[in-house]
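Residues in the sequence shown are numbered consecutively from -13, following my numbering. C-beta: ideal position from N, C-alpha, C; glycine also. Written out below as structure tokens is the structure these notes cover.
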Amino acid sequence: MNTPQKVPVTILTGFLGSGKTTLLNRILSEEHGKRIAVIENEYGEVGIDQALVINADEEIFEMSNGCICCTVRGDLIRVLGNLMKRRDKFDYVLVETTGLADPGPVAQTFFMDDEIREEFSLDGIVTLVDAAHIEQQLGRSDESTEQVAFADVLVLNKTDLVNGEALDTLEARLRDMNQMARVVRCERANVSLDTVLNLNAFDLDQALERRPSFLEPEYPFEWTGVYSLDIGRYELSLADGPDPAMSLVVAPDQGTNDAALREGAEWCVRRYAQPAELIHPGGEIPVGKHVTLRLDSPGRKSFFLEVDTQARVGLYAQHIAEEFDLQLKNADGATIRPEDSPRSLPGSTENGAPRVNGAVVPVEVERTWVAQHEHDDEVGSIAIERNGDVDLERLNDWLGRLLAERGVDIFRMKGFISLAGESRRFVFQGVHMLFDGQPDQPWGDALRRNQLVFIGRNLDEPSMRQGFDACLV
């Protein structure tokens, strides 16, 4: 019996505005005979890239859940798992990452998860480089450096915006950062398909050489505590801490050795990729579900956990227990077996008699997962959605002032606009002070609306919304 051939996967990455969507459109419009499924990793509250991709039909899937570094792996596992059910519909996968993402966690997915590794193979990582802006991006962003370092192919795009001497200097710098990658120069992402598809280029040994911790995954939680519990009701008590909420997954049947903790961690990655259920103080915490505990009221907050089978459970928490003085307490006289505990328990007897309500259950095993990244709290996205038409002259005035004053801090802008008197929607994209737009498909009977996304540092959302609203007719 022949083993089914693995589906090749290309990761398409590059900093904001480098030309990923342009290259993706070029790939999808060429006659190459491949049936390509596209997975897009959006950043921000509104995803619009699918609307900017030509032939954006049912084979384009979007990931936009949570932190782009912490939850992307679980989200990708979920989408790839759904793709497995429709293998007859495609024979190649393209994953387009957000421009703010380190490609490492995406690449890890194809080695860390057993099911994914059996079905898919990482063909290569293609990084687009904005020749006009990469120098300032490398100086301000760790992600852009990681994107260059992990590339199998570096597509040096927008070469028409830089003179020849500067291009040579830039290419030399890129080669110093990644001597293994092939460098391809182009304008408007116009490259032949054989430079980005069917590369058979990704080498795990080289990835480990570049980053020895490559197979040490990042997790969307920082702490795990394992408790031996009998049947009964328990109270999870938390004091005031650094955040007004905390994400949590309670894992059933949790082992205590290192392998079991890692297995539980990978299981929880999938749970964290699902939308969280909001739990208010006094609420019940479901086992095996991703929840967010509301902690914004003053004083200690209590949540409750019902255990119907004698077992060990693992709490996989977004924050370290000490930050919130997290305690698990007996709530209704439930027992805990002394032989399962590392020390005698308050309120219990040697034969496991019921404990006093409120007795603290000790942690049997705990582990802290060291974060490998820091979030840049200054970087964020703003999405503006408005129905109706826009006055072109007012729009030009507003954008001109915005880019002149804040262009350095606007990494990326994209979207589409309904211009008064124009039968077609106007699609635009921009990077820093550069802005490009053109008429697109006719509106027809569709609702005329405007959808804009800005990604940058320290953006003034109220002012930007007010400025755009003043452009509406």
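By the criterion of at least three beta-carbon pairs nearer than 8 Å, the segment 164 to 177 is in contact with the segment 135 to 149. The alpha helix (DSSP H) runs of length 4 or more contained entirely in the segment 78 to 157 are, from start to end of the chain, 90 to 98, 100 to 105, 120 to 126, 128 to 135. Look at the beta carbons and you see the segment 206 to 223 touching the segment 308 to 316: at least three pairs across the two are nearer than 8 Å. In this structure M70 is exposed. Its beta-carbon is surrounded by fewer than 16 other beta-carbon atoms within 10 angstroms.
Burial of A93 is indicated by the presence of at least 16 other C-beta atoms within 10 angstroms of its C-beta. Exclusion of the five residues before and after Q133 leaves T(-1), G0, F1, P89, T113 as the residues of its chain whose Cβ lies within less than 7 Å of its Cβ. Cβ neighbours of G430 within its own chain (closer than 8 Å, five residues either side excluded): none.
Judged by beta-carbon spacing, Y302 lies within the 7 Å limit of F207, meaning their Cβ atoms are closer than that value. In the structure shown, the three-state DSSP call for S449 is helix. The segment 174 to 245 contains, as complete alpha helix (DSSP H) runs of 4+ residues, the segments 190 to 196 (chain order).
Assignment of M70 by DSSP, reduced to helix, strand and coil, places it in the helix class.
By the criterion of a C-beta distance shorter than 6 Å, F414 is surrounded in its chain by G423, once the five residues flanking it on both sides are discounted. Contact check for I306 against W209 passes: the beta carbons are separated by less than 7 Å. The C-alpha of H119 lies about 50 Å from the C-alpha of L222. E16: not part of any alpha helix (DSSP H); DSSP gives it neither H nor E. An exposed status is given to G285, since fewer than 16 other beta-carbon atoms sit within 10 Å of its beta-carbon.
Counted as a single uninterrupted DSSP element, the stretch harbouring F310 is not any beta strand (DSSP E) but the alpha helix (DSSP H) occupying residues 307 to 310. Looking at the DSSP output, S404 shares a beta bridge with no other residue. Minimum Cα-Cα distance from I403 among the listed residues L433, V394, R392 corresponds to L433. Around the beta carbon of S4, a 10 Å sphere encloses 16 or more other beta carbons of the protein chains shown; the residue is thus reported as buried. Counting along the chain, the unbroken alpha helix (DSSP H) around G386 starts and ends at 378 to 392. Within the same chain, and ignoring the five residues on either side of H276 in sequence, the residues whose Cβ sits closer than 6 Å to its Cβ are V235, R257, Y258, Q260, A262. Annotated as distal: G401 and V347, with beta-carbon spacing of 7 Å or more. With three or more CB-CB distances shorter than 8 Å, the segment 268 to 282 counts as touching the segment 235 to 247. Distance from the CA of P428 to the CA of R387, rounded to the nearest whole angstrom, comes to 29 Å.
Taking the Cα positions, R59 is about 26 Å away from T181. Taking the Cα positions, R219 is about 58 Å away from C457. Between L247 and V349, the alpha-carbon positions lie close to 14 Å from each other.
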